[in-house]
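Trainee: Quick one: the structure is below, and I'll ask about it shortly.
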Amino acid sequence: MVLSTWDYGLRTNEVAWRLLSQGGAALDAVLAGAEFAEMDPDNAYVGLGGFPDRDGIVTLDASVMDHGYNMGMVAGLEQVPRAAALARAVMERTPHTLLVGDGALQFAQEQGFETMNLLTPSSEAAWKRWLETSRYQPGVNVENHDTMGLVGLDAQGRLAGVCTTSGMAFKMHGRVGDSPIIGAGLYVDGSVGGATATGHGEEVIRTVGSFRVVAAMTAGKSPQAACKQAVEEIHRFFVRRGVDWGDTQIGFIAVNLHGETGAYALRPGFSYAVRTQDRDELIRVPSLLEA
Ligand code: ASP
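Numbers in this note's numbering are just positions in the sequence shown, counted from 1, shifted up by 1.
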């Protein structure tokens, strides 16, 4: 089975399912789904055509983790659309876990990854519209994010997850969110389950969001109850810190080794897609707050 964030997840699931249904490995399947989104110039939230930072530069972040606690991450990556595959290459072909910026690009070039201008006419036009006001509003709400996170479970009971993004639209150059940070944007425990996050990256990092979900599953919660508990805990942090969190959104999706899935968000508007032998559906995610 495979689950993916957002409405677009129906499409990434279709790609991942093609491999899973033929006995493919969860890691290959989620990577194929992520790459499909990254190479779609019309998806403005990941890879080619992702919204740039406030200086007009597209920088990508991605992470990958498998059932054996192997992980790879890239952050602040320029010119290389296949950020998730590069994270996998960090995992499999280096003794390290995280490469950033110029070093990540240099490694990509050494590994033969294709480079290109990631700014498309439409993402450039969106940036120029933003420049008219240049209002720096580093928030994530219903309209401006669509990070792709996928978690797959293959026929051999192996889990794998991936999270890929161009991050917050028009962010500061160098800003990195939760998506490439294992424990925050993604976490997989091959003996329990996996979870991935979308939404306001700073808050997901602050609260080690995806690990929190997997830890709740480890303690016996269902994926649904684990996602809900994590969102409730994060909300309590917000209240305790006394910060104004505006209209910020946070959402998690999770799956356990029994193939049970769940998702929960701070606010309405989040969705996720599930694909199994008998299911191909988009699910509206319940939320803690009304709006
Ligand atoms: N989590 C991402 C970030 O903060 C944003 C998103 O979910 O679209 O970079």
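By construction, the Cβ of each residue, glycine as well, lies at the ideal position given by its N, Cα and C atoms.
(1) Whole angstroms is fine: what's the gap from leucine 32's alpha carbon to valine 256's?
(2) For alanine 185, count neighbouring Cβ atoms within 10 angstroms of its own Cβ and tell me buried if that reaches 16, exposed if not.
(3) Using a threshold of 8 Å, is the CB atom of valine 152 nearer than that to any non-hydrogen atom of the ligand ASP?
(4) Around the C-beta of methionine 2, are 16 or more other C-beta atoms found within 10 angstroms, so that it is buried, or is it exposed?
(5) Please work out which residues of its chain come closer than 8 Å, Cβ to Cβ, to tyrosine 265, disregarding the five sequence neighbours upstream and downstream, and give them in chain order.
(6) Out of curiosity, what's the CA-to-CA distance linking glutamine 112 and serine 223?
(7) What are the start and end residues of each continuous beta strand (DSSP E) run of 3 or more residues lying completely inside the region 104-174, in chain order?
(8) Report yes or no: do the region 43-57 and the region 68-86 share at least 3 C-beta pairs separated by less than 8 Å?
(9) Serine 5: buried (16+ other C-beta within 10 angstroms of its C-beta) or exposed?
(10) For threonine 116, count the other beta carbons within 10 Å of its own beta carbon; 16 or more makes it buried, fewer makes it exposed. Which is it?
(11) Just mark glutamate 282 as buried or exposed, buried being the case when its beta carbon has 16 or more other beta carbons within 10 Å.
(12) Using 8 Å as the cut-off, classify the Cβ of alanine 46 as near or not near the heavy atoms of the ligand ASP, replying yes or no.
(13) Does isoleucine 58 come out as helix, strand or coil in the three-state DSSP assignment?
(14) My output table needs one value for leucine 49: the three-state DSSP class, helix, strand or coil.
(15) Would you say the beta carbon of histidine 201 is closer than 8 Å to some non-hydrogen atom of the ligand ASP?
(16) If I'm right that glutamate 204 touches threonine 249 with Cβ under 8 Å, what's the distance once you round it to whole angstroms?
(17) Under 8 Å from any heavy atom of the ligand ASP, does the C-beta of alanine 292 make it?
(18) Excluding the 5 residues flanking alanine 161 on each side, which residues of the same chain have their C-beta closer than 6 Å to its C-beta?
(19) Between methionine 169 and the ligand ASP, is the CB less than 8 Å from at least one heavy atom?
(20) Who are the Cβ neighbours of asparagine 142 in its own chain at under 6 Å, not counting the five residues just before and after it?
(21) Quick check: glycine 200 and leucine 267, are their CB atoms within less than 9 Å of each other?
(22) Compute the minimum distance between the beta carbon of threonine 166 and the heavy atoms of the ligand ASP, and state whether it is under 8 Å.
(23) Could you check if threonine 148 belongs to the surroundings of the ligand ASP, using beta carbon to heavy atom distance under 8 Å?
(24) Taking 8 Å as the cut-off, does the CB of serine 180 come closer than this to any heavy atom belonging to the ligand ASP?
(25) Going straight from the alpha carbon of tryptophan 18 to that of cysteine 164, what length do you get?
(26) Applying the criterion that 16 or more other CB atoms from any shown protein chain within 10 Å of the CB defines a buried residue, is aspartate 147 buried or exposed?
(27) Can the beta-carbon of serine 272 be found less than 9 Å from the beta-carbon of aspartate 8?
(28) Tell me whether glycine 247 counts as near the ligand ASP, meaning its Cβ is closer than 8 Å to at least one heavy atom of that ligand.
(29) Using the rule of at least 16 other Cβ atoms within 10 Å of the residue's Cβ for burial, across every protein chain shown, is arginine 213 buried or exposed?
(30) Give every residue of the same chain whose Cβ lies closer than 8 Å to the Cβ of histidine 174, excluding the five residues on either side of it in the sequence, and list them in chain order.
Mentor: Taking the definition as stated:
(1) On the sequence shown, position 31 is the one that residue 32 refers to. On the sequence shown, position 255 is the one that residue 256 refers to. If you take the alpha carbons of leucine 32 and valine 256, they lie about 17 Å apart.
(2) On the sequence shown, position 184 is the one that residue 185 refers to. Result: buried.
(3) The residue given as residue 152 occupies position 151 in the sequence shown. Valine 152: no, Cβ never under 8 Å from the ligand ASP.
(4) Residue 2 sits at position 1 when you count from the first residue of the sequence shown. So methionine 2 ends up on the buried side.
(5) As a first step, residue 265 is located in the sequence shown; it is residue number 264 there, counting from the start. Closer than 8 Å at Cβ, skipping near neighbours: Gln225, Cys228, Lys229, Ala231, Val232, Gly252, Phe253, Val286, Pro287, Ser288, Leu289.
(6) By 1-based counting over the sequence shown, the position of residue 112 is 111. By 1-based counting over the sequence shown, the position of residue 223 is 222. C-alpha separation (whole angstroms): 40 Å.
(7) 149-154, 160-166
(8) yes
(9) The residue you call residue 5 lines up with position 4 of the sequence shown. Buried: at least 16 other Cβ atoms inside 10 Å.
(10) Sequence index remark: in the sequence shown, residue 116 carries index 115 (1-based). Result: exposed.
(11) Along the sequence shown, one-based indexing puts residue 282 at 281. Glutamate 282 should be labelled exposed.
(12) For the purposes of this step, residue 46 is identified with residue 45 of the sequence shown, where counting begins at 1. This sequence places tyrosine at residue 46; alanine is not what is there. Correct: tyrosine 46 has its Cβ closer than 8 Å to the ligand ASP.
(13) Position 57 of the sequence shown, counted from the first residue, corresponds to residue 58. Three-state result, isoleucine 58: coil.
(14) Here residue 49 corresponds to residue number 48 of the sequence shown, with the count starting at 1. The answer is coil: DSSP assigns leucine 49 none of H, G, I, E or B.
(15) As a first step, residue 201 is located in the sequence shown; it is residue number 200 there, counting from the start. Answer for histidine 201: yes, Cβ within range of the ligand ASP.
(16) If you number the sequence shown from 1, residue 204 lands on position 203. If you number the sequence shown from 1, residue 249 lands on position 248. That belief holds up - the Cβ atoms of glutamate 204 and threonine 249 are roughly 7 Å apart, short of 8 Å.
(17) The residue you call residue 292 lines up with position 291 of the sequence shown. Every heavy atom of the ligand ASP is 8 Å or more from the Cβ of alanine 292, so no.
(18) Position 160 of the sequence shown, counted from the first residue, corresponds to residue 161. Excluding residues within five positions, the ones whose Cβ falls inside 6 Å are Ala27, Leu28, Val31, Asp67, Gly153.
(19) Numbered from its first residue, the sequence shown carries residue 169 at position 168. It does: the Cβ of methionine 169 is within 8 Å (strictly closer) of some heavy atom of the ligand ASP.
(20) Numbered from its first residue, the sequence shown carries residue 142 at position 141. Because asparagine 142 carries a pLDDT of 49, less than 50, the predicted location of this residue cannot be relied on, and the following value inherits that uncertainty. Excluding sequence neighbours, asparagine 142 sits near Asp248, Gln250.
(21) Indexing the sequence shown from 1 puts residue 200 at position 199. Indexing the sequence shown from 1 puts residue 267 at position 266. Result yes, Cβ atoms of glycine 200 and leucine 267 sit closer than 9 Å.
(22) Walking along the sequence shown from the start, residue 166 turns up at place 165. Yes, since a heavy atom of the ligand ASP falls inside the 8 Å radius drawn around the Cβ of threonine 166.
(23) In the sequence shown, the residue the question calls residue 148 occupies position 147. True, at least one ligand heavy atom lies under 8 Å from that Cβ.
(24) Within the sequence shown, numbered from 1, the residue matching residue 180 stands at position 179. Serine 180: yes, Cβ under 8 Å from the ligand ASP.
(25) Translated into the one-based positions of the sequence shown, residue 18 becomes position 17. Translated into the one-based positions of the sequence shown, residue 164 becomes position 163. One C-alpha to the other measures close to 17 Å.
(26) Position 146 of the sequence shown holds residue 147. Aspartate 147 is buried by the Cβ-count criterion.
(27) Against the sequence shown, residue 272 aligns to sequence position 271. Against the sequence shown, residue 8 aligns to sequence position 7. Cβ atoms of serine 272 and aspartate 8: closer than 9 Å.
(28) The residue given as residue 247 occupies position 246 in the sequence shown. Every heavy atom of the ligand ASP is 8 Å or more from the Cβ of glycine 247, so no.
(29) Your numbering for residue 213 matches position 212 in the sequence shown. Buried.
(30) Your numbering for residue 174 matches position 173 in the sequence shown. Asp54, Arg55, Asp56, Ile58, Thr60, listed in sequence order.
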